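Visitor: The sequence shown lines up with residues 1 to 404 when you count with full-length UniProt numbering.
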Amino acid sequence: MAQIIFNPLVGVELPSTQEIRSDLGSRIQQAFQTSPTDPLLNIEPSSPMGQVLDLIVAEIEAKNSEILFLSNMVNPDLATGKFLDALAALYGLDRKISEPTVVNCVLTGLKGTVIPYGAIAQDSLGNQYRHSAAAGARIGDTGSVTTTFTAIEHGPLEVAAGAVNRIVTTIAGWDTINNPAAGVVGRDEETDAELRNRMVESYAVNATGYVEAIEANLAALEGVLDVRVLENPTNAVITQFGVSINPHSILVAIVGGEDEQIAQTIYQRKDAGCGTTGTYQVSFTDSRFYNATYVYNIVRPQNQALNVKIEFFATSMNPTEKNNVIQAVINDVLGQGSNDRVSLASTVYASRFYAAIQSATAVPVASIQVALGSGAFGSSVQIPANVEPTIQESDVSLVFQTGG
1 MAQIIFNPLV GVELPSTQEI RSDLGSRIQQ AFQTSPTDPL LNIEPSSPMG
51 QVLDLIVAEI EAKNSEILFL SNMVNPDLAT GKFLDALAAL YGLDRKISEP
101 TVVNCVLTGL KGTVIPYGAI AQDSLGNQYR HSAAAGARIG DTGSVTTTFT
151 AIEHGPLEVA AGAVNRIVTT IAGWDTINNP AAGVVGRDEE TDAELRNRMV
201 ESYAVNATGY VEAIEANLAA LEGVLDVRVL ENPTNAVITQ FGVSINPHSI
251 LVAIVGGEDE QIAQTIYQRK DAGCGTTGTY QVSFTDSRFY NATYVYNIVR
301 PQNQALNVKI EFFATSMNPT EKNNVIQAVI NDVLGQGSND RVSLASTVYA
351 SRFYAAIQSA TAVPVASIQV ALGSGAFGSS VQIPANVEPT IQESDVSLVF
401 QTGG
């Protein structure tokens, strides 16, 4: 008998179309046979009753598919949409809303001028950005200061190097603004893949002292686009992902997020006596205990372009297809495909882009190489902990073979 089997080892097992048709067909033939000597009812697909049988089988298969879908929706590895949201809620997680683009800008002007939180600047396309350093930024002895601005509009807004160049909020002593590197592109609402990955990381959320716990809690903060926590439990300075970490200290490299919330999270999750490494300071004042202020050193990564070079076994490609390939690579870097977002303190392998590229074009790929900034191209590249990789259309180059 063709029936649904609930196998505790593999889950729901559905009968095949042929099994359903054969089982149901034999039952119909038995029902219409009034005596053992009567011929069996014709249920061939070309017969009227055969067509009726096929319609019934199609309805059964549709209902079986619905049952399979619902059973998959209680599996965190397969659930999507609102079903995944419901499972995430069991972990104490909510799907992250969209986040704005973050860009590091160099401000110049009179020494000692303070650029307050919330000051507005604008790029060449008219998009506006808000100064997001909670404590403001003070122009130093050199006549400049580097600080962070975030786009007012949320979502994956690309901002090229040098695009943020207009001051909207007039402040005496503030003369110019410019971004030496492209911004860290924001994102739309958290994808299923990103939420599923955060569910795995959330196992450490309730712990303290572990780098996994610190990182998971920092990643959950509003406005955080990327974060990595490294540790050095030894008695000597060590280097990880291009950054030196002091003895018995952690290094928090984080993009986005409010300074005070970051400091509060470190205060709550870091073990007492463990130092912090970095050139940027954040502080938290505990009003419950005599307004004690805790200052932590962190790293605010600088943006650097991730370059991707793709060579094809072809002499040319039409403009639409070229654009599709470039956009597929950008989406893959931003985690909008099957791969996780390319993040700081990680190794990027060129092979990760094959699937994305071949989904955008049928032209065979000869090779893919990656590079960071002005570095040499290769099959892989390491992203330092103090660098946030960015990408825009000009960072993706397509190479075609010459004729012959």
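We treat Cβ as the ideally placed atom computed from N, Cα and C, and that holds for glycine.
These figures come from a predicted structure and were not determined experimentally.
Between the C-alpha atoms of residue 283 and residue 295, what's the straight-line distance to the nearest angstrom?
Guide: 4 Å
Visitor: Report the rounded CA-to-CA distance for residue 280 versus residue 384, giving the unit in angstroms.
Guide: 17 Å
Visitor: Return the chain-ordered list of same chain residues with a C-beta closer than 6 Å to the C-beta of residue 348, the five sequence neighbours on each side being excluded.
Guide: 342, 370 and 381
Visitor: So, is residue 333 buried or exposed, given that buried needs 16 or more other C-beta atoms within 10 angstroms?
Guide: buried
Visitor: Tell me the residue span of the alpha helix (DSSP H) that contains residue 166.
Guide: In this chain, residue 166 is not harboured by any alpha helix (DSSP H); it is covered by the beta strand (DSSP E) spanning 164 to 167.
Visitor: Give the range of the alpha helix (DSSP H) segment to which residue 377 is assigned.
Guide: Unbroken run through residue 377: none, as it is neither H nor E.
Visitor: Assuming residue 397 contacts residue 309 under a Cβ cut-off of 8 Å, what Cβ separation, rounded to an integer in Å, is found between them?
Guide: 5 Å
Visitor: Starting from residue 81 and walking both ways along the alpha helix (DSSP H), at which residues does that stretch end?
Guide: 81 to 90
Visitor: Between residue 100 and residue 150, how many whole angstroms is the CB-CB distance? I'm expecting something under 8 Å.
Guide: 5 Å
Visitor: Measuring alpha carbon to alpha carbon, tell me which residue in 372, 340 and 315 is nearest residue 399.
Guide: Restricting attention to 372, 340 and 315, the CA atom closest to the CA of residue 399 is found in 315.
Visitor: Does residue 388 come within less than 8 Å of chain B when only Cβ atoms are used?
Guide: In the structure shown, chain B does not exist; there is a single protein chain.
Visitor: If you reduce the DSSP assignment to three classes, tell me which class residue 404 lands in.
Guide: Its pLDDT being 49, under 50, residue 404 is placed unreliably by the model, and the measurement read from it follows with that caveat. Residue state, collapsed to three classes: coil.
Visitor: Residue 111 and residue 140 - do their beta-carbons sit closer together than 8 Å?
Guide: yes
Visitor: Assign residue 352 to one of three DSSP states: helix, strand, or coil.
Guide: helix
Visitor: Does the count of Cβ pairs from the stretch 68 to 86 and the stretch 177 to 187 closer than 8 Å reach three?
Guide: no
Visitor: Measuring CB to CB, does residue 205 end up less than 8 Å from residue 254?
Guide: no
Visitor: Using CA coordinates, which residue listed in 250, 266 and 200 is at the minimum distance from residue 257?
Guide: 266
Visitor: Here's a check: name, in chain order, each residue in its chain whose Cβ is nearer than 8 Å to the Cβ of residue 42, leaving out the five neighbours to either side.
Guide: 49 and 50
Visitor: Pull the bridge partners of residue 154 from the DSSP assignment, please.
Guide: 100
Visitor: In the DSSP assignment, find the beta strand (DSSP E) that holds residue 309 and state where it starts and stops.
Guide: 302 to 312
Visitor: In whole angstroms, give me the CA-to-CA distance for residue 124 and residue 359.
Guide: 33 Å
Visitor: In the DSSP output, what is residue 240 paired with across the bridge?
Guide: 243
Visitor: Consult DSSP for residue 391 and reduce its assignment to one of helix, strand or coil.
Guide: coil
Visitor: If you count every other CB in all the chains shown that lies within 10 Å of the CB of residue 232, and 16 or more means buried, which is it?
Guide: buried
Visitor: Give the single residue among 268, 84 and 20 whose Cα lies nearest to the Cα of residue 63.
Guide: Minimum Cα distance to residue 63 is reached at 20.
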